[in-house]
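There are 2 protein chains.
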Amino acid sequence: MKIALSQLNYHIGNLRYNSEKIINAINKAKSENVDLIIFSELAVCGYSPFDMLDNQEFINNCEHAITKIAAHTKEIAVIIGAPTINATLKEKKLFNSAIFIKNQSIIKTINKTLLPSYDVFNDFRYFASNDIFEIIEYKNKKIAITICEDLWDEQRVNGNFSKELEYKNSPLEYLSKFKPDFIVNIAASPYSHNHANTKTEILSNNAIKYSTPIIYVNQTGANTDLIYDGGSLAINSKGQKVIEANYFEEDFKIVNSAEIEQLKEIQKVEFNKYTYIYKALVLGVQDYFKKSGFKKAVLGLSGGIDSALTLAIAVKALGSENVEAILMPSAYSSKHSVTDATDMAERCEIKYHIINIEELRQNFEKTMSSVFKGTKQDLTEENIQARIRGSILMAYSNKFGNIVLNPSNKSEIAVGYSTLYGDMNGAISVLGDIYKTEVYELSNYINQHIKDIIPQNIISKAPSAELRPNQQDSDTLPDYDLLDRILFEYIENNLSASEIEKILGNKKTIDFIIKLINNSEFKRFQAPPILRISSKAFGTGRKMPIVAKY
Amino acid sequence: MKIALSQLNYHIGNLRYNSEKIINAINKAKSENVDLIIFSELAVCGYSPFDMLDNQEFINNCEHAITKIAAHTKEIAVIIGAPTINATLKEKKLFNSAIFIKNQSIIKTINKTLLPSYDVFNDFRYFASNDIFEIIEYKNKKIAITICEDLWDEQRVNGNFSKELEYKNSPLEYLSKFKPDFIVNIAASPYSHNHANTKTEILSNNAIKYSTPIIYVNQTGANTDLIYDGGSLAINSKGQKVIEANYFEEDFKIVNSAEIEQLKEIQKVEFNKYTYIYKALVLGVQDYFKKSGFKKAVLGLSGGIDSALTLAIAVKALGSENVEAILMPSAYSSKHSVTDATDMAERCEIKYHIINIEELRQNFEKTMSSVFKGTKQDLTEENIQARIRGSILMAYSNKFGNIVLNPSNKSEIAVGYSTLYGDMNGAISVLGDIYKTEVYELSNYINQHIKDIIPQNIISKAPSAELRPNQQDSDTLPDYDLLDRILFEYIENNLSASEIEKILGNKKTIDFIIKLINNSEFKRFQAPPILRISSKAFGTGRKMPIVAKY
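Protein chains in written order, with this note's numbering: chain A, 707 to 1256; chain B, 707 to 1256.
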């Protein structure tokens, strides 16, 4: 049986656009005499439409789209993800389904069993869990259809309760009793650099455990903060990858089920950690703009590493003709800030403007002088500069329609060292899931492997916010090496202060940093969406109370 | 059996503070010869600690707190809510439990069966569902213990799929087989004015259905955006309220189980819609400050109704000595704006400052002139004013520690008629769940029933943002009466454009408004937490995609 893995980039809620893509892929498959074409989880509406799923008209429209797609399936079969109504009238109103269509008829609807509800996932908010296990028969082959998390039954629970399993059921345990010829898994599995290998391992382990090949079709593309990496696979019953679609782009692969066991294993390529992170961020920016109907971006260029890296990514994603920068020096800006920023802008061949904020800064302080009389200069005056800059970027955005990119990194967002309504402004945070040490590593990666674009001086100088004379980040924070290790243990690994101390020592520093993190929840609540590339990003996947005793 | 209903206001994560409160209540109950004292859901840690529950140390600390509390239960029994570990090592790692303690021993742990995962609720993210139904025997009485949602088994699903039930199980159906003498329900049930009666009805209906009295203990107090109304109840087997605790404050009530059936029904008092909304908002502001360790607030006073109402609520919540206002007129501010705002501030007896922003506004435009040369005045210049004001409030906050209150109302947040990083600034949105028509009604309610504090001129003048000459809200929006009806059908009732048109006509206006709502998702994502008083507030309970086709 000739099977096509159709890996597409969907637009959430855009049923017409998605249907057209799907029908085009079906037609292409037909032209290549494919017997079965497979699309990813919730392909028809994009994953995840969130509370759009609460609206019955939306679900009806998804049904209509499926009917329309089915009309194009003469002499081909299709497996496609869509929400369907739970007809039992009890429990959640929907199922997250894989619909099997053949010869213009909907033959069977298979529903998702394991519903992830942790981190960024919230399937249980919308979907009832399946408890009927059935097999599809097609062209004398038995196909076990599963949906994404259904293969993750051996997963450990979220948090640091390491002994427990997240689920009590294993859909494949039931399905394997039918002795399927192969397993299909349709997915919408977002990228995280910490879990990139886990995904393949889980698929391989299942193939080996049940001695059955697996065909895995993931979506690609970014939806606001979540970036889906594609990388659809065919895995033989020995757990070896034999077909692999491209990462972070659409792809179309064909595999013959009779040949899966004979195909040669794809040799594992050793990747730099940043190969995929870079692709993910570029796609994240690209899709935010494309799917929102925006074209042009603007960002503040300070001469520091964060805004330089953000610019490099934006230029790759949108083209240099669509990115503009504004340099906004004040009296506290060092001379090299302006020359470094100018150098960066010119290397990127973008349009840039220099708007000196010194007069405005002084005018702001003058305006406040009646109420500030007798007070000392402090953080307030530093924040005023950041908010002037943030307001200038927004004014530029309002006037010309350029969308503001936020350059804050994960380390500063963690400890709250960025100004709310100032440098935290932006429609999307490009580096918000990249620690400061990773900002340097990614910059070096780009310079070495993509294009030598970030001036060495920006990389080598000591980091500074330049909001007061001779300020340096190290005045108030530990070295980024130590800081980022503390942050990683607290945020990604969810360890407590005492557990981190056992690993890293430095009790005083650890307590100080954790206090900063917890005290910044109110700021992060109002941060822009952050492109997620790790297993625990700030944003919807990390829900902490604001008013609480930590 | 003498039973105490202990309705307390907990601090999330503050186990020591909560334990002390609980132990004090136990001691009080002992002094009144109470046999059983009941505390609310997750009382020990406050509801909801969200992802704090992912940390094993936090759960261990909750266990220790329970042990400490148990030491104080000599000659008394306690029912108390706490997270407990799911020892099966499969499915979610925790249960949301009611622990029955007697004479210093933990006798039984009863777990929550129905786990709400819709709107602001996310129990399934953390908790496994119970499937063992047991009864407690104490002093020759059989007690059926349930946790909050466990009694809501007949609830319809969220969204507009009106025929379906949210759950397939009914814990009381199992428990009723034991023929309990009474049912206990421990809850953490947030207030919403649309559901205030539903709550009592559900309890009554269950009492009647099973011919069994119910004792319901809810928490009170606000945790960031969610406000819990208390109102703990004893209901007889005929479904009549016989004991009712106060609303929006701590309370301690005693009922004798032998007498529940004989007690007289409490007569229903007819309330103004705003009696409880007002109490809720005052408590919301109060607890945000108290539980965060803040004392002083500041807000911008424009002379308009929204900031005036916000001020009235803040003064009630925090005291006039703890609230300050800043008037920030520009060239576009009408004369009456300043006089009305001054009048309001003086009626509230608060400290206020007038900071004229005209020079700063001109200086900002001058700063932008090199890049704005040749462009026309538009929304940009209006937003500049809003952002200058927002930055002034934040500068005041940074300098003196006053926390900024956000005065945006639900109608403007819905259609995006507020400036991100400008008048959307603030730590907490006081009126963000109050439609503009309700802003007027609540203002009138306060003037008539609480204190005549808001100047009539502020209430009667036409609403205007005063960001350009002679601007009025009605220039670009329909009348608020119509607007708010459209918003209510779309947001609270989740109807589609065509469904709303069937009710209200006005297709063109409806389409225009719905487009504005959907296009503002990116703004709302960065809005402050909004005090929730309706069944569907903007914020965590309404999760819509930002990048999507609506």
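The beta carbon of each residue, even a glycine, is placed where N, CA and C say it ideally should be.
Across the structure, B/L969 and B/L939 are spaced so that their CA atoms are roughly 13 Å apart. Between A/R1093 and B/E1052, the alpha-carbon positions lie close to 31 Å from each other. Contacts with chain B at 7 Å (Cβ-Cβ) include A/V1077.
Per DSSP, the unbroken alpha helix (DSSP H) holding B/S1076 starts and ends at E1064 to F1078. Straight-line spacing of the CA atoms in B/A893 and B/G1247 works out to 19 Å. Assignment of B/S737 by DSSP, reduced to helix, strand and coil, places it in the helix class.
Within its own chain, the residues whose Cβ lies closer than 7 Å to the Cβ of A/G719, once the five positions on either side in sequence are excluded, are C751, G752, P755 and M758, listed in chain order. For the segment 1218 to 1245 of chain B, the residues whose beta carbon sits under 8 Å from a beta carbon of chain A are, in order, F1228, F1231, Q1232, A1233, P1234 and P1235.
For B/I941, the closest of B/E1227, B/I1197 and B/L711 by C-alpha to C-alpha distance is B/L711. Residues of the segment 717 to 730 of chain A that bring their beta carbon within less than 9 Å of a beta carbon in chain B comprise H717, I718, G719, N720, L721, R722 and Y723, in sequence order. Closer than 7 Å to the CB of B/Y994 there is at least one CB belonging to chain A. Close partners of B/H1059 in chain A (Cβ separation under 7 Å): V1077. A/V1044: member of the alpha helix (DSSP H) spanning K1041 to R1053, first to last residue. Residue nearest to A/K774 within the set A/I812, A/N912, A/L1024 and A/F830 is A/I812 (criterion: CA-CA distance). The count of Cβ pairs closer than 8 Å, one atom from the segment 804 to 823 of chain B and one from the segment 839 to 859 of chain B, reaches three, so the stretches are in contact. For B/S1124, the closest of B/L1085, B/L1099 and B/K979 by C-alpha to C-alpha distance is B/L1085. Annotation for B/L800: L759, I765, P789, T790, I791, N792, Y832, F833 and A834 place their beta carbon closer than 8 Å to its own, counting only its chain and skipping 5 residues before and after.
Contact annotation for A/T819 against chain B: no contact, minimum CB-CB distance about 13 Å [criterion: below 7 Å]. Judged by their CB atoms, B/D1049 and B/P1169 are not nearer to each other than the 7 Å cut-off. For A/Y873, the neighbours in chain B by C-beta distance under 8 Å run, in chain order, K796 and E797. Residues H1042 and D1046 of the same chain have their beta carbon placed closer than 7 Å to that of B/N1163, with the five preceding and five following residues left out of the count.
In this structure, A/L1237 places its C-beta atom within 7 Å of the C-beta atom of A/V1136. Ranking A/L748, A/I1011, A/S1180 and A/F1070 by CA distance to the CA of A/V1145 puts A/I1011 first.
Short of 7 Å from the beta carbon of B/S1036, and not among the five residues preceding or following it, lie these beta carbons of its own chain, in chain order: I1063, E1064, R1067 and Q1091. In the DSSP assignment, A/L1173 falls outside any beta strand (DSSP E), carrying neither H nor E. For the segment 755 to 788 of chain B, the set of positions with a beta-carbon nearer than 9 Å to some beta-carbon of chain A reads P755, F756, D757, M758, L759, D760, N761, Q762, E763, F764 and I765 in chain order.
From the beta-carbon of A/E1147, no residue of chain B is found nearer than 9 Å; the closest lies around 28 Å away. Around the beta carbon of A/I1098, a 10 Å sphere encloses 16 or more other beta carbons of the protein chains shown; the residue is thus reported as buried. Spatial neighbours of A/V1029 in its own chain (CB-CB distance under 6 Å, excluding positions within 5 residues in sequence) are listed in chain order as A1003, A1020, V1021 and I1056. In this structure, A/A1018 lies near A/I1152, with their beta-carbon atoms less than 7 Å apart.
Using a CB distance below 7 Å, the part of the segment 818 to 852 of chain B facing chain A consists of S823, Y824, F830 and R831, ordered along the chain.
In this structure, the alpha-carbon of A/S1241 lies about 8 Å from that of A/Y897. Listed in chain order, the positions of the segment 917 to 941 of chain A with a beta carbon within less than 9 Å of a beta carbon of chain B are A928, N929, T930 and D931. By the Cβ criterion, the segment 1217 to 1226 of chain A is not in contact with the segment 1219 to 1231 of chain B, since fewer than three pairs of Cβ atoms, one from each stretch, lie closer than 8 Å. Here B/A777 is exposed, its C-beta having fewer than 16 other C-beta atoms within 10 Å. Contact of A/P1251 with chain B by beta-carbon distance below 9 Å involves I718, G719, G752, S754, P755, F756, D757, M758, N929 and T930.
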